[in-house]
Amino acid sequence: MTGQTPITRSELLDRAAAYAETVDIDVETAAIEWDISERAKRRAGCCRYDRQNERVTIVLTWAAYREMGWERFTRTIRHELVHAWEFTHFGESGHGSRFREKAAEIDAPRHCEPFTEGRLRLVCTNDACEWAPDRHRASKPVKYPDEGYRCGECGSEYVVEHRDSGLTWRTNREYQRARERLGDEW
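Counting from 1, position 24 in the sequence shown corresponds to residue 24 in my numbering; the numbering is continuous, with no gaps.
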């Protein structure tokens, strides 16, 4: 490792495990398994829990680390450690009040920051609302925005935007047309 900055995937896993030992949280960090994701497009990390074996695995996204750098990426590690703490103490984990309180104790974000911009975006139609979450895949709210889905902040309708082309749609029929029009550019 050059200085303390990991430059290989293996170094990142070793440094993350060593860093986890310095975080003041009641988790047996030596028992955590660490892995790398090459496929994740939007999440910087995740924590998996095998209930049968009571085994915790923290998966770190290589592309996120490369985009953020070590200092910013430590926030992701602390966030995943809060999930590990919840899993080992309660058998489940989410982002609710218990998570929020523990995250605040160790200066971890409630949600990991995104490291890429989605190719799609849901945009609230209420001009007073700034809700506009990114999407990387054509999920149901992207394909069927007219089937009861609403803005996550104010409850208004929203429009789906394909970032690269600027095409937008509000119905499944319009979504189908956009897909046909974009073809390989989707």
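For each residue, glycine too, the CB sits at the ideal point set by N, CA and C.
From a predicted model like this one, the values you see are computed outputs, not experimental measurements.
Within the same chain, Cβ atoms closer than 8 Å to the Cβ of Arg98 are found at Glu86 and Phe90, the five residues on either side in sequence being excluded. In this structure, the beta-carbon distance from Ala40 to Thr61 falls below 8 Å. A residue is called buried once 16 or more other Cβ atoms fall within 10 Å of its Cβ, and Ile7, having fewer, is exposed. With three or more CB-CB distances shorter than 8 Å, the segment 74 to 81 counts as touching the segment 102 to 114.
The beta carbon of Ser37 is closer than 6 Å to those of Val59 and Thr61 in its chain, skipping five residues each way along the sequence.
An exposed status is given to Glu28, since fewer than 16 other beta-carbon atoms sit within 10 Å of its beta-carbon. Between Gly155 and the set Asp164, Gly118, Asn126 and Ala178, the nearest pair of CA atoms involves Asn126. In this structure, the CA atom of Thr171 is about 9 Å from the CA atom of Val159.
The beta-bridge partner set that DSSP reports for Arg55 consists of Asp50. Taking 8 Å as the cut-off, the beta carbon of Arg119 is found no closer than this to the beta carbon of Ala132.
Taken through DSSP and simplified to helix, strand or coil, His111 comes out as coil. Counting the other Cβ atoms within 10 Å of the Cβ of Gly45 gives 16 or more, which makes it buried. About 7 Å separates the CB atoms of Phe73 and Ala64; that is less than 8 Å, so the two are in contact.
The DSSP-derived three-state label of Ser37 is strand. When DSSP assignments are scanned along the segment 80 to 152, the uninterrupted stretches of alpha helix (DSSP H) that are 4 or more residues long and fall wholly within it turn out to be 97 to 105 and 140 to 143.
If the five residues before and after Asp26 are omitted, its C-beta is found closer than 7 Å to the C-beta atoms of Trp85, all from its own chain and listed in chain order.
Annotated three-state conformation of Gly183 is helix, per DSSP. For Ser165, same chain residues with a beta-carbon under 7 Å away, outside a window of 5 residues either side, are Leu182 and Glu185 in chain order. Here Glu157 carries a coil assignment [DSSP, helix/strand/coil].
Looking at Arg42, Glu54, Leu81 and Arg48, the one whose alpha-carbon comes closest to that of Ala18 is Leu81.
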